[in-house]
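Quick note, the sequences are listed as chains E and Z, same order. Per the working numbering: the first sequence = residues 4 to 288. Per the working numbering: the second sequence = residues 4 to 288. See structure below.
Protein chains: 2
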Amino acid sequence: MISIAIPKSATPLISVLETLIKQNGDDVNMQKISIIGLEGFPLVKTGDNLAKMIIETTKKESVSISDGDVIVVAQKVVSKAEGRTTQLRNVKPSERAEEIGKITLRDRRLVELVLKEMKRIVKASREILIVEDKRGIVCINSGIDKSNVPGEDSYTLLPEDPDHSAEKIRLQIKELTGKRVAVIICDTYSRPFRRGQAEFAIGIAGINPFKDYRGQRDLFDYVLKVKNVAIADEIASAAELVMGQGNEGIPVVIVKNVQRAELNGTFSAEDLNISEEEDLFKGTL
Amino acid sequence: MISIAIPKSATPLISVLETLIKQNGDDVNMQKISIIGLEGFPLVKTGDNLAKMIIETTKKESVSISDGDVIVVAQKVVSKAEGRTTQLRNVKPSERAEEIGKITLRDRRLVELVLKEMKRIVKASREILIVEDKRGIVCINSGIDKSNVPGEDSYTLLPEDPDHSAEKIRLQIKELTGKRVAVIICDTYSRPFRRGQAEFAIGIAGINPFKDYRGQRDLFDYVLKVKNVAIADEIASAAELVMGQGNEGIPVVIVKNVQRAELNGTFSAEDLNISEEEDLFKGTL
């Protein structure tokens, strides 16, 4: 509750104010999340300071940064800022890349990059190369991607350590604004059994990636046994709704008032990668 | 742009108004999505009219329903309203259910329900029963679930035809309020390769489940080849952030201003289920 001193002469305006406040749902107890795309974000180059760019853009666009906000940053701009872009013309394919290239019908130089960024091949077949990447993410081409990278044969690799990238941004925002935010680095992934891609959290700082209900009781006092929601992936997906994939140019999104997120403690997005042994779906595909 | 007549005496308040408007980001061009949980939603019983309950609750909670809103409704309340709840004590397990029950160590009566709701078993092993359900969703136990259902041996089955359930709610809201909304029925699912669950769209009305970028150009004029985002799943995940799983009691969420969603045409959530042949991940698990 915020109180504002209002001159008596201005009472006709009070109802206008009340309506505005109501419409915008600013009741602090209200379950309302805002997903705000930072428009006018500059193009990112190697060496750029993303935290500073985020703060400057929020100021320019009159978007506030508050304690508890979750700042979602597209992998693409993190990779660019960290110099994780590469040109195919500079890549020399190894013998193994030649071999896998023959099976997958992919450019051997791209295959070479994929192999360097992975732990193991999960599937190599005609036009498909699925791997477990260095960070433990099971995905196509180690997350190496062409879109929104300038240069005809330029690709981005995933950040070397996305949790570290997120933590760096989080700390700098804390230092420059005093605000305690959480940071999620997100990327777009194909999923088994479902058509179309969705956004996943690949790096996190200052947020528990899960909301664990196991052991808690439901509306009728039944103890929940399985529910452990991947809230960081859900926040990434929510952010993607304004972020987009094409020429929207909105690589940073601020998510406000995620009351269910635990925003203290040290966590890693690698916990979102389930081990083969634990994966209930083992043997289903 | 809305103009309000303000008495001259009230000019000190104009800056307060401006700040409020700015903070709440009501610039119509702004990429801001609001996810509003309908608190105070009554408990749902068989035969209840969900559309009416949604409209009444929005009024009580001073939440507007506008053209273009996406109304996300939890499967649980749709199933309850449609009488899709069942008691294990009324179920007689078949021979096959006895057999699968032995393998999975699950209650034979629950297994019987799962078998009745599926097309095929995808995996049956110790404590795991994954199927392709009648609607084409690959999931655990045909989506049959115990949480938030009153009664010790009561379970909900998924709605018989979730697209139809969504369309019914959409049409009734149109009739009762004149507003053209989209409706998504959502449920929580475990995913291969990822730890924790996320929310999927299992029924839709008035919304294209995909935002297809294939053939479009990125920031640097590169033609996108793969990106086809499952926007309905992402909206479901965004809604889950306020909906919750435990005793939150927020089964309906209104998502406002998803500018990227296509809100005309006839679509089905079944398109979100990819066929085995198309699934790039075939053979990976």
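Quick reminder that beta carbons are idealized off the backbone N, C-alpha and C, glycines included.
Within-8 Å CB hit, residue i to chain E
i	result
Z:D274	yes
Z:R198	yes
Z:E280	no
Z:I188	no
Z:F270	no
Z:Y158	no
Z:R161	The question names Arg, but residue 161 of chain Z is Leu in the sequence shown. Z:L161 does not count as touching chain E.
Z:V81	no
Z:L227	yes
Z:V31	Summary for Z:V31: the model assigns pLDDT 46, below 50, so the residue's position carries little reliability; its value from the coordinates is reported in the next sentence. Cβ-Cβ to chain E under 8 Å: no for Z:V31.
Sub-8 Å separation of residue i and residue j beta-carbons
i	j	result
E:G181	Z:D221	no
Z:D136	Z:E120	yes
Z:V114	Z:L91	no
E:G146	E:D190	yes
E:L160	E:T89	yes
Z:F213	E:N151	no
Z:E202	E:E202	no
Z:I210	Z:V81	no
E:S271	E:D166	yes
E:K259	Z:G286	no
Z:S240	E:S240	yes
Z:I57	E:I36	no
E:D51	E:R183	no
Z:R217	E:G247	no
E:V94	E:V117	no
E:L288	Z:L227	no
E:V186	E:V76	yes
Under 9 Å from the C-beta of residue i: neighbouring residues of chain E
i	result
Z:R220	G249 and N250
Contact list for residue i against chain Z, beta-carbon separation under 7 Å
i	result
E:R109	Those within 7 Å of E:R109 in chain Z number zero; the least Cβ separation is about 13 Å.
E:P153	F223
E:I253	Q34
E:I277	F196, R197 and R198
Residue i at chain Z interface by Cβ criterion, 8 Å
i	result
E:I207	no
E:E243	yes
E:N52	no
E:S69	no
E:K149	yes
E:F44	no
E:P165	no
E:A233	yes
E:L116	no
E:I5	Because E:I5 carries a pLDDT of 39, less than 50, the predicted location of this residue cannot be relied on, and no value is offered for it.
E:I176	no
E:I131	yes
E:K48	no
Member of the options whose CA lies at the smallest distance from the CA of residue i
i	options	result
E:K63	E:C189, E:P45 and E:A84	E:P45
E:V73	Z:G252, Z:L244 and Z:I187	Z:L244
E:R197	Z:I257, Z:D274, Z:I39 and Z:D156	Z:D274
Z:E102	Z:I176, Z:R129, Z:K79 and Z:Q78	Z:R129
E:E59	E:G50, E:E42 and E:T49	E:E42
Z:G206	Z:K171, Z:G86, Z:G199 and Z:N267	Z:K171
E:L53	E:V256, E:N267, E:D282 and E:V134	E:V256
E:V66	Z:A242, Z:A204, Z:M33 and Z:R112	Z:M33
Z:R87	Z:S168, Z:T61 and Z:V141	Z:S168
Listed by chain order, chain E residues near residue i by CB distance under 7 Å
i	result
Z:N267	Chain E residues near Z:N267: none, gap ~18 Å exceeds 7 Å.
Z:S193	L283
Z:V141	F196
Z:I103	Result: empty, since nearest Cβ-Cβ is about 16 Å, beyond 7 Å.
Within-8 Å CB hit, residue i to chain C
i	result
E:Q90	Going by chain labels, chain C is absent from the structure shown, which instead holds the protein chains E and Z.
Contacts that residue i makes with chain Z (C-beta to C-beta distance below 8 Å)
i	result
E:F213	R198 and G199
E:K230	S150, T191, Q200, Q248 and G249
Interface partners of residue i on chain E, CB under 8 Å
i	result
Z:S240	A201, D236, E237, S240 and A241
Z:V261	L244
Under 9 Å from the C-beta of residue i: neighbouring residues of chain Z
i	result
E:K126	L283, F284, K285, G286 and T287
E:I58	Those within 9 Å of E:I58 in chain Z number zero; the least Cβ separation is about 17 Å.
What runs of the beta strand (DSSP E), each 3 residues or longer, lie entirely inside the region 134 to 158 of chain Z? As far as the region 134 to 158 of chain Z is concerned, its whole beta strand (DSSP E) runs of at least 3 residues are 141 to 143.
With a floor of 4 residues, list each alpha helix (DSSP H) that falls wholly inside the region 210 to 241 of chain Z, ordered by position along the chain. Restricting attention to alpha helix (DSSP H) runs no shorter than 4 residues, the region 210 to 241 of chain Z encloses none.
Going residue by residue through the region 52 to 115 of chain E, where are the continuous beta strand (DSSP E) segments of at least 3 residues, counting only ones entirely within it? Fully enclosed beta strand (DSSP E) runs of 3 or longer: 73 to 77 and 88 to 90.
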